[in-house]
Amino acid sequence: MIVNCSYLRSLAAGGLLLAASTSFVPVRGQSLTNDQLDQVKARLAEGATHSWEIGTRAQALIESDTPSWSVLNSSSLPPSHSAPSSLDEVISIASSVVKNRTSNKINGPQPLMDANGGAAGDPPSIGVAVLLANWTGAGSQDNVDYAGAATDQLEYLLEKVPKTSDGAISHRSEQVALWSDFVYMVPPFLAYYGVLTQNQSLVQAAYDQCRLYRQYLVDDDAGGMWKHIAMGSNPDNGHWTTGNGWAAGGMLRVLGTIQHSQYSKSMKNQANDLRNWVVEIHNGVYPHQQSTGLFKNYADDSSTFEDASGTAILASTVYRLALLADVHTHLPAAEKSRAALFAPASSSSSSSSSSTSTAPSSSSTASTLAHFTSDMWLTPVVNPDSIGSQGSRSPEGQAFVVEMYAAYRDWVDAGSPGANAGVRARAAGGAVLLAFVCSVRLLFAA
């Protein structure tokens, strides 16, 4: 057995051994054009009608259009009282929701919107937009009581919605049921409310809800992935991909709120827990990423269909974790997902996930993208109203695309922290293989 160890050493030294096709090289150009992104947002605006879709749309617009006002970036909290024009659409969303609520002429604790057939945890997703509208003085211009609406929503959650014996607020209003979705909708609202009103107890409550939901939903036998639903009449022990994305995304928003607020020093332990819990989800789910770069609807159930929406929100959380907590482990996998989702239609599913794929040119039309329809609906997606079924249009999926786009942009603008981590790891792996191969050579030579 003849092995040129000198040659292998040169490859390992350059980090090239076993890295020709797998080394982590960020796909700098693999993104959407401005026109394509605008079309994604337009479809999102058309499709978002349920409370959680409206709230997720508002959050996506904050991250995309006014990143300095997002808790996921480095700006300190609370923000300025003067809103930039880029927040106009978010404030318009809040205005529409609160005006519609006012027309119901109901007083006292109540959700910001009808609770979607009993989903008490969904309307608070709009809460951050309402808080921003109040904080920036929109009410003095349009005579809308944003503060009252936010307070009513908070009191409804804390006083009217059922809870577990240890204090986990139910996602449902008619029975105690804990859904992973809740973590994206409620804790970020509680945390932001607490920071704006200088009420650390509310920020702690946001952390506690994340802690309690994890306690009930984490599946240690599945590597740390979360189950979808605990308790209630329809528990779901499956590891729904989007549900894991909801949970990771919500905890990151609470983490960002704490880190950038006046409570950053006093709540370091809570922040560290949140970081670790997001890492736990990533470590559990990413081993199930398909060769296409996408995930199955239930991450570890190969019989389910591939879902681009859950894939997008998970990728966005990887970039955000790199920025917030210097955790870079799954950046290569996130890049694989992003490259696949934004790949040209001429690429196959497998080849589109390669880190060497080329981006659509600035003149590309929407119809040239493999995972978007001609009018820029993401595909394939889970049906938001029936999560065991494949759908054709997903407003939340559109929001996740915007969030992934914004997260990647912010990561690149920050210098792509961790971009070389995958190369270094593979170089180290190459050195180990080099030692093994050369040992084999010596063994056979003997």
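What the sequence shown shows, in mature numbering (1 follows the signal peptide of the UniProt record, and there is no 0), is residues -29 to -1, 1 to 417, in sequence order. Note that beta-carbon positions come from the ideal geometry of N, C-alpha and C, so glycine has one too.
Membership of I33 in the alpha helix (DSSP H) is indicated by the continuous run 22 to 36.
Take P80, set aside five residues on each side of it, and the residues of its chain with a beta-carbon closer than 7 Å to its own are D123, E126, Y127, E130, K131, in chain order. For N354, the enclosing beta strand (DSSP E) begins and ends at 352 to 354. Nearest Cα to A19 within the set E367, A377, H301: E367. Restricted to the stretch 149 to 176, the alpha helix (DSSP H) segments that are unbroken, complete and at least 4 residues in length are 153 to 156, 158 to 167, listed in chain order. Inter-residue distance for N215 and S151 is about 7 Å (C-alpha atoms, whole angstroms).
Residue pairing for W197: DSSP places it in a beta bridge opposite V189.
Looking at the backbone, the Cα of R28 and that of A370 are separated by about 6 Å.
With fewer than 16 neighbouring CB atoms inside 10 Å of its own CB, I77 falls in the exposed class. By the Cβ rule, the stretch 173 to 187 does not count as touching the stretch 42 to 54, because fewer than three pairs are nearer than 8 Å.
By the criterion of at least three beta-carbon pairs nearer than 8 Å, the stretch 32 to 40 is not in contact with the stretch 165 to 181. In this chain, the beta strand (DSSP E) harbouring S357 covers 357 to 362. DSSP, reduced to helix, strand and coil, places P315 within a strand of the structure shown.
If you ignore the 5 residues before and after L32, its C-beta comes within less than 7 Å of the C-beta of E60, V61, all in its own chain and listed in chain order. By the CB criterion at 9 Å, G362 and V353 fall inside the cutoff. Contact annotation: the stretch 233 to 243 does not touch the stretch 274 to 287, with fewer than three C-beta pairs closer than 8 Å.
DSSP places W248 in the helix class (H, G or I) of the three-state scheme. A residue is called buried once 16 or more other Cβ atoms fall within 10 Å of its Cβ, and P258, having fewer, is exposed. In this structure, A193 sits near D271, with a CB-CB distance shorter than 9 Å. Linking A90 to Q112 through their CA atoms gives a straight-line distance of about 32 Å. Taking a 10 Å sphere around the C-beta of G165, we find 16 or more other C-beta atoms and assign the residue as buried.
Taking a C-beta distance under 9 Å as the contact criterion, P351 and E251 do not qualify as a contact pair. Linking S144 to A390 through their CA atoms gives a straight-line distance of about 44 Å. Rounded to whole angstroms, the gap between the alpha carbons of A311 and L3 is 12 Å. Taking the CA atoms as reference points, H342 sits about 29 Å from N208. Non-local C-beta neighbours of F153 in its own chain, meaning closer than 6 Å and more than five positions away in sequence, comprise G92, H142, ordered along the chain. Secondary structure note for K12: its alpha helix (DSSP H) is the uninterrupted segment 5 to 18. Secondary structure of Y234 (DSSP, three-state): coil. Take the alpha-carbon of G386 and the one of D36: they are about 20 Å apart.
Across the structure, V157 and K134 are spaced so that their CA atoms are roughly 14 Å apart.
By the neighbour-count criterion, in which 16 or more other beta carbons inside 10 Å mark a residue as buried, S308 falls on the buried side.
Annotation: the continuous alpha helix (DSSP H) that includes Y376 extends over 366 to 384.
The criterion of a C-beta distance shorter than 9 Å is satisfied by T213 and N268. Within the stretch 86 to 151, the alpha helix (DSSP H) runs of at least 4 residues that lie entirely inside it are, in chain order, 98 to 106, 109 to 113, 117 to 126.
Your pair F313 and L285 does not check out as a contact, with CB atoms roughly 15 Å apart and the cut at 8 Å. By the CB criterion at 9 Å, R364 and W382 fall outside the cutoff.
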